[in-house]
Amino acid sequence: RAARRDPINNIMFYDEQKEAEQREDILLTELRLAILRGEIDIFYQPKVSFETLEVHKVEALARWNSAKLGFVSPGEFIPLAERHGLIMQLTEYVVQQSCEQLVLWKEEKHSVNQIAINLSPTHFQIPDSNKRLIEIIRAHSINPSQIEFEITETSMMQSIERAEKSLDELRSIGFSIALDDFGTGLSSLTYLQRLPINTLKIDKSFIDSLLDCEKDAAIVKLIIDFAKTINMETVCEGVETLEQAILLQKMGCQYAQGYYYQKPVPANDITSSFECSNDMTS
Ligand code: C2E
Ligand code: MG
Ligand code: MG
Ligand code: MG
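Numbering (full-length UniProt numbering), first residue to last: 395 to 676.
In structure tokens:
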């Protein structure tokens, strides 16, 4: 059926809205079941060290390939889980899976020893949310420094007081904290210094325009230099070409994450070190 939309007021007509609601209902029912049955897969993506081209850190990314609905992107099911009170269950699931994976990698003497886990923007509003994660991690024999929590700048700024308290707690136990999609939000430099953050992840949008836009290149350089002065590490998100990697390495960025090196993959497919391209050292 053709979607009909009022061209002037851009409102959905009844039919279309009803269809959207029906899809949301079905998605929600399936998502609940998928979490319960452990049908969400966790893929991992390397954060490649520019110094050694080795991989000691990865990011965990949830993947849902539903038997009924096919592949549903995290961009759709994560906000859905947030809207319907399922996000904490999902976060706990990702933490659980990541802990088990770290134990396996340790047994295999694999190079990866840290997994970054995304926290939802609503994490800070959920009572006892830290406590529940800490309990799962304590049940495994891993060090808290082996887990990094990624939070977006925007979510942190929404409730800065609560976020600060919550992050202080996580940091004091020894977890690492990264600020995700950095540069897109509105955090002030004052807060950055005040909050217990270890890593800045420079948003993909800056990397995309790095080679064509001098202004964006200048911003990236500024973020990298600034991070250094306050003892934070930098990761560049969405590195897709060798040219970007070369420039970022020259600028002093520590880690690259992106399709140029590897897309998110199942744990067993993680590449633990990359070849140095000749161009990289020249
Ligand atoms: P994010 O945390 O910023 O994750 C990075 C996203 O960029 C991932 O998309 C990754 O696949 C993609 N990416 C990495 N390198 C490249 C590249 O070179 N090119 C392009 N085009 N994309 C690249 P993904 O997996 O679709 O996840 C999207 C967002 O969904 C994540 O953004 C994160 O905010 C959220 N998300 C994913 N898994 C989880 C989860 O387990 N929990 C929570 N709360 N959020 C999650
Ligand atoms: Mg992330
Ligand atoms: Mg990100
Ligand atoms: Mg992003």
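Backbone N, C-alpha and C fix where the C-beta goes; we use that ideal spot for every residue, glycine too. Note that this is a predicted model, so its numbers are computed, not measured.
query = CA-CA distance, N537 and G579?
reply = Linking N537 to G579 through their CA atoms gives a straight-line distance of about 31 angstroms.
Q | For S492 and I436, believed in contact at Cβ under 8 angstroms, the rounded distance | A | The Cβ separation is near 7 angstroms, so the contact holds.
- prompt: Got a sec, what are the start and stop residues for the alpha helix (DSSP H) V466 sits in?
  reply: Segment 464-466 is the beta strand (DSSP E) holding V466; no alpha helix (DSSP H) there.
Return yes when at least one heavy atom of ligand 2 lies under 7 angstroms from the C-beta of D663, else no.
Checking the Cβ of D663 against ligand 2 gives no.
Original post:
What's the call for C607, buried or exposed, on a 16-neighbour Cβ count within 10 Å?
Top reply: Here C607 is exposed. Its C-beta has fewer than 16 other C-beta atoms within 10 Å.
Query raised in the report: Excluding the five sequence neighbours on either side, which residues of its own chain have a C-beta within less than 7 angstroms of the C-beta of residue 348, listed in chain order?
Result: The question about residue 348 has no answer, for the chain in this structure spans 395 to 676.
- Roughly how many angstroms lie between the CA atoms of I554 and S671, to the nearest whole one? Put simply, the backbone Cα of I554 is about 43 angstroms away from that of S671.
**OP:** Could you spell out the range, first to last residue, of the beta strand (DSSP E) harbouring Y438?
**Re:** Where Y438 is concerned, the enclosing beta strand (DSSP E) starts and stops at 434-443.
- Looking at C-alpha atoms only, which residue of I640, G632, I596, A639 is the closest neighbour of F620? Taking the Cα of F620 as reference, the smallest distance to any Cα among I640, G632, I596, A639 is reached at I596.
Check whether S581 and E542 have beta carbons under 8 angstroms apart: It is not a contact, given that the beta carbons lie outside the stated cut-off.
Practice item. Using a threshold of 8 angstroms, state whether the C-beta atoms of V452 and I509 are closer than that. Key: Taking 8 angstroms as the cut-off, the Cβ atoms of V452 and I509 count as close.
Check the DSSP bridge columns for D574 and list the partner residues they point to. BP columns for D574 point to T546.
Checklist entry - Are three or more beta carbon pairs between the stretch 451-470 and the stretch 420-429 nearer than 8 angstroms? => result Segments in contact, yes.
Report the partner residues of W499 according to the DSSP bridge assignment.
For W499, no pairing in a beta bridge is given by DSSP.
Review point. If you compare alpha carbons, which of R431, E433, E445 is closest to Q643?
Key: Comparing C-alpha distances from Q643 to each of R431, E433, E445 shows the shortest one belongs to E445.
Secondary structure at Y487, three-state DSSP: helix, strand or coil? Y487 falls in the helix class under three-state DSSP.
(Q) Quick check on L669: does DSSP put it in helix, strand or coil? (A) Inspection of the sequence shows that residue 669 is occupied by Glu rather than by Leu. Collapsing the DSSP output to three states places E669 in coil.
How is the alpha helix (DSSP H) around T593 delimited, first residue to last?
Taken as a continuous stretch (DSSP letters only), T593 belongs to no alpha helix (DSSP H), being part of the beta strand (DSSP E) at 593-596.
Just the Cα atoms here: how many angstroms apart are K615 and M645? Looking at the backbone, the Cα of K615 and that of M645 are separated by about 6 angstroms.
For this session: Can you give me the Cβ contacts of E669 inside the same chain, cut-off strictly under 8 angstroms, excluding the 5 residues immediately before and after it?
Result: Taken in chain order, the residues that qualify are L447.
### Query
Taking Cβ to Cβ, would you say G577 is nearer than 8 angstroms to I617?
A contact, by the Cβ cut-off of 8 angstroms.
Is it true that the CB of I567 sits closer than 8 angstroms to the CB of I511? Taking C-beta atoms as the reference points, I511 and I567 fail to come closer than 8 angstroms.
| query | How is L461 classed by DSSP in three states: helix, strand or coil? | reply | Rather than Leu, the amino acid found at residue 461 in this sequence is Ala. It is coil, neither helix nor strand.
### Host beta strand (DSSP E) of N512 (start-end)
According to the DSSP assignment, N512 belongs to the beta strand (DSSP E) that extends over 508-512.
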